[in-house]
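Input: a single structure, listed below in structure tokens.
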Amino acid sequence: MRLQKYLAYCGIASRRKSEELIKQGKITVNGKIITECGYDINPEKDYVKYKGKLIKIENKIYIVLNKPRNYICSTSDEKGRKTVIDLIKFKIKQRLYPAGRLDFDTTGCLILTNDGEFADKIMHPKYEVEKRYTLKIKGRIEDNKLTKLKNGIKIEGKFIKPKVIKILFRKEKNDIISITVTEGMNHLIKKMCKEVGLELLWLKRESIGIVSIKGLEYGDWRFLTPDEINYFKRR
Ligand code: URA
Numbered sequence: 056m057r058l059q060k061y062l063a064y065c066g067i068a069s070r071r072k073s074e075e076l077i078k079q080g081k082i083t084v085n086g087k088i089i090t091e092c093g094y095d096i097n098p099e100k101d102y103v104k105y106k107g108k109l110i111k112i113e114n115k116i117y118i119v120l121n122k123p124r125n126y127i128c129s130t131s132d133e134k135g136r137k138t139v140i141d142l143i144k145f146k147i148k149q150r151l152y153p154a155g156r157l158d159f160d161t162t163g164c165l166i167l168t169n170d171g172e173f174a175d176k177i178m179h180p181k182y183e184v185e186k187r188y189t190l191k192i193k194g195r196i197e198d199n200k201l202t203k204l205k206n207g208i209k210i211e212g213k214f215i216k217p218k219v220i221k222i223l224f225r226k227e228k229n230d231i232i233s234i235t236v237t238e239g240m241n242h243l244i245k246k247m248c249k250e251v252g253l254e255l256l257w258l259k260r261e262s263i264g265i266v267s268i269k270g271l272e273y274g275d276w277r278f279l280t281p282d283e284i285n286y287f288k289r290r
């Protein structure tokens, strides 16, 4: 089995992140640092180590969390901020990591797993998994801005056209908008708002594919159902 595939399978990181770890010389096989991604290993015979610890195949875990504000989407933080892992670690002993990111001040749907291949299916744009966001903007969205977003705009050289964009409610002063995208670029919705001159007041992710946070309070989580797991796996 290829080394990066094995790392992802054992839940060390997504396939792409595993490749980075290998290139950075952080993985040893039978005591030797291996920096070649396609390196072939035999999971039954070879000793693969990361940070000096033997990597073992673990049971796969898939959960969805309703991320509260002011939590960082990472497994640790050098600034000592609370991480999404702090919300689950008392119940789940396996090392999980978030499949994709939500900003510190963004709330909502976040999938955590120890299955790197699965995480790739959520994060990589080629799998076209839809991420649905609700956002509140300051004031009203003018027709020309809505049309511009609907038709697609360039963000960092990439053409982004939402699958869906619509006004959900018109509050007294501010509009609540729904946007569905398949790209996974960091801070994408904030960049889109900035590009057309919308002031974002808050941002929440409602769902990833068929997985939603319906019924989950902030900070609560649940295991994915078999149907939800298969929805991503068969991509
Ligand atoms: N887009 C953003 O700007 N932030 C998020 O957290 C998610 C999508």
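Take 56 as the starting number for the sequence shown in the working numbering and just add one per residue. Every residue gets a Cβ at the ideal spot worked out from N, C-alpha and C, and that includes glycine. All figures in this text were calculated on a predicted structure; none of them were measured in a lab.
Compare the C-beta of Ile-232 against all C-beta atoms of chain B and say whether one is closer than 7 Å.
You won't find chain B in this structure, because it holds only one protein chain.
CB-CB under 8 Å to Leu-204, same chain, minus the five flanking residues each way: which ones, in chain order?
In the sequence shown, residue 204 corresponds to position 149, counting from 1. Answer for Leu-204: Pro-217, Ile-220, Ile-234, Met-247 and Val-251, listed in chain order.
Using a Cβ-based criterion (distance less than 6 Å to any ligand heavy atom), does Thr-138 qualify as near ligand 1?
If you number the sequence shown from 1, residue 138 lands on position 83. No; taking the cut-off as 6 Å, the Cβ of Thr-138 has no heavy atom of ligand 1 nearer than that.
Any contact of the stretch 131-141 with the stretch 106-115, i.e. 3+ C-beta pairs under 8 Å?
In short, these stretches do not touch, since the Cβ pair count stays below three.
Determine the closest residue to Gln-149 out of Ile-116, Thr-161 and Asp-158, with distance taken between C-alpha atoms.
Position 94 of the sequence shown holds residue 149. The shortest Cα separation from Gln-149 among Ile-116, Thr-161 and Asp-158 belongs to Ile-116.
Would the C-beta of His-242 count as close to ligand 1, meaning under 6 Å from any of its heavy atoms?
Against the sequence shown, residue 242 aligns to sequence position 187. The answer is yes for His-242.
Is there contact between the stretch 72-79 and the stretch 89-106, where contact requires at least three CB pairs shorter than 8 Å?
Enough Cβ pairs lie closer than 8 Å, so yes.
Cα separation between Lys-249 and Lys-209?
Position 194 of the sequence shown, counting from 1, holds the residue named residue 249. Position 154 of the sequence shown, counting from 1, holds the residue named residue 209. Their Cα atoms are separated by approximately 12 Å.
Could you give the distance in angstroms between the alpha-carbon of Pro-98 and the alpha-carbon of Leu-223?
Position 43 of the sequence shown, counted from the start, is the residue given in the question as residue 98. Position 168 of the sequence shown, counted from the start, is the residue given in the question as residue 223. Taking the straight line from one Cα to the other gives about 51 Å.
Any chance the CB of Thr-280 is under 6 Å from a heavy atom of ligand 1?
Residue mapping note: residue 280 aligns to position 225 of the sequence shown, counting from 1. The answer is no for Thr-280.
Suppose you measure from the CA of Gly-270 to the CA of Lys-146; what does that come to, to the nearest Å?
Locating residue 270 in the sequence shown gives position 215, counting from the first residue. Locating residue 146 in the sequence shown gives position 91, counting from the first residue. About 20 Å.
Is the beta carbon of Asp-132 within less than 6 Å of some heavy atom of ligand 1?
Residue numbering aside, residue 132 sits at position 77 when the sequence shown is read from its first letter. Not under cutoff, so the answer is no.
Cβ of Thr-237 within 6 Å of any heavy atom in ligand 1?
To locate residue 237, count along the sequence shown from 1; it is residue 182. Every heavy atom of ligand 1 is 6 Å or more from the Cβ of Thr-237, so no.
Which value, in whole angstroms, describes the spacing of the CA atoms of Gly-194 and Leu-253?
Locating residue 194 in the sequence shown gives position 139, counting from the first residue. Locating residue 253 in the sequence shown gives position 198, counting from the first residue. Between Gly-194 and Leu-253, the C-alpha separation is close to 9 Å.
On the criterion of 16 or more Cβ atoms from any shown chain inside 10 Å, does Met-178 qualify as buried, or is it exposed?
Reading the sequence shown from its first residue, position 123 is the one you call residue 178. Met-178 comes out buried.
Leaving out the 5 sequence neighbours to the left and right, which residues in its chain are closer than 7 Å to Asp-267 when beta-carbon positions are compared?
Locating residue 267 in the sequence shown gives position 212, counting from the first residue. Sequence check: residue 267 is Ser here, not Asp. Once the five neighbours on either side are set aside, the close Cβ partners of Ser-267 are Cys-164 and Glu-261.
Give the single residue among Glu-211, Leu-167 and Lys-191 whose Cα lies nearest to the Cα of Asp-275.
For the purposes of this step, residue 275 is taken as the residue at position 220 of the sequence shown. Asp-275 has its Cα closest to that of Leu-167, out of Glu-211, Leu-167 and Lys-191.
Return yes when the C-beta of Lys-191 is under 6 Å from any heavy atom of ligand 3, and no when it is not.
In terms of ligand content, the structure shown lacks ligand 3 and carries ligand 1 instead.
Can you have a look at Asn-285 and say buried or exposed, based on whether 16 or more other CB atoms are within 10 angstroms of its CB?
Working through the sequence shown from its first residue, we reach residue 285 at position 230. Burial call: exposed.
Is it the case that the CB of Asp-175 approaches a heavy atom of ligand 1 more closely than 6 Å?
Residue 175 sits at position 120 when you count from the first residue of the sequence shown. The answer is no for Asp-175.
Cβ-heavy atom distance between Thr-90 and ligand 1 below 6 Å?
Walking along the sequence shown from the start, residue 90 turns up at place 35. Because no heavy atom of ligand 1 lies under 6 Å away, the Cβ of Thr-90 does not count as near it: no.
In terms of residues, what are the limits of the beta strand (DSSP E) holding Leu-223?
Numbered from 1 along the sequence shown, position 168 holds the residue referred to as residue 223. Its beta strand (DSSP E) spans residues 219-225.
If you draw a straight line from the C-alpha of Lys-104 to the C-alpha of Asp-230, how long is it?
In the sequence shown, residue 104 corresponds to position 49, counting from 1. In the sequence shown, residue 230 corresponds to position 175, counting from 1. Taking the straight line from one Cα to the other gives about 51 Å.
Only counting the same chain, and skipping five residues up and downstream in sequence, which positions put a Cβ closer than 6 Å to that of Asn-121?
Within the sequence shown, residue 121 is the residue found at index 66, counting from 1. Excluding residues within five positions, the ones whose Cβ falls inside 6 Å are Ile-268, Leu-271, Tyr-273 and Asp-275.
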